[in-house]
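In our numbering, the protein residues as written are 7 to 203. Every residue, glycine too, gets a C-beta built ideally from N, C-alpha and C. Single-structure report; data block below.
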Amino acid sequence: MGGGSVSIDNDDPATGDSEFKLANAASGPRKHADLRSDMFSLGPAGEPRGPLTISFAYKLPDKVKPGDNIALYVQFFDQSPTHINLLGEKKILVGSSTGDSAMTQYKTMTITNILAPANAVVADIWIVANVDEPWISGVAQFDDFSVTAAAPQARATIFAALAALLIGTLYVRQGRKHPLPMARCLSGSFSTGTSRR
Ligand SMILES: [Ca+2]
């Protein structure tokens, strides 16, 4: 962070005892603030995956200037013992893009159908004020983040049907069975449920 500020505060949570707070009120390349979650697992690369849903609560209590937005990125990475590479990201804007200003209550934002790159194994959420998108509209509060991934129902069903055909073929040819691939599901969340004081 630079110029702006980042904190976990206890004064105005959406739920629980605390909330994340970013603030930046001055323009210029050195004036910004950002907050990044821990990385969370997406499950093994190459496995069938359902689309992700991200949900969070936000409140922009100050007057939001035209064109100002806080940018949230869901970032997808591959990972090995020697490297970690950004493979893709989903960008979400709140602020003038969502028509919010001088909010007196939190709103919940839910984004569905986010597709992770096939080779991604971990992801994080990066919340940014005044880097790619201008933000000199003061405080932005966030709480109650969650990321879920549905089991890949439709694809799993098709895959299972194909696998059954293949197994039938193999059974005829080789006289033995192969195990069915298992559909995977993940879920994770992070929030500021506990006071740090
Ligand atoms: Ca909270």
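Quick test of the definition: if touching needs 3 or more C-beta pairs under 8 Å, does the region 31 to 42 touch the region 102 to 115?
Contact fails: fewer than three Cβ-Cβ distances are below 8 Å.
Please classify I69 as buried or exposed, where buried requires at least 16 neighbouring CB atoms within 10 angstroms.
The residue labelled residue 69 in the question sits at position 63 within the sequence shown. It should be noted that the sequence gives Lys, not Ile, for residue 69. When all chains shown are included, K69 counts as exposed.
I need the DSSP call for S13, collapsed to helix, strand or coil.
In the sequence shown, residue 13 corresponds to position 7, counting from 1. Look at S13 here: in three-state DSSP terms it is strand.
Closest by CA to F148, which one among G9, G52, I90 and V134?
Residue numbering aside, residue 148 sits at position 142 when the sequence shown is read from its first letter. Minimum Cα distance to F148 is reached at V134.
Would you mind sorting G52 into buried or exposed? The rule is 16 or more other CB atoms within 10 Å of its CB.
For this step, residue 52 is matched to residue 46 along the sequence shown. The residue in question, G52, is exposed, as its Cβ has fewer than 16 Cβ neighbours within 10 Å.
S107, DSSP secondary structure in three states:
Here residue 107 refers to the residue found at position 101 of the sequence shown. Per DSSP, reduced to three states, the secondary structure at S107 is coil, with no helix or strand assignment.
If you draw a straight line from the C-alpha of P35 to the C-alpha of I76, how long is it?
Position 29 of the sequence shown, counting from 1, holds the residue named residue 35. Position 70 of the sequence shown, counting from 1, holds the residue named residue 76. Whole-angstrom Cα-Cα distance: 15 Å.
With distance defined between alpha-carbon atoms, name the residue in L99, D44, F46 and M45 nearest to G73.
In the sequence shown, the residue the question calls residue 73 occupies position 67. Taking only the C-alpha atoms, the option nearest G73 is L99.
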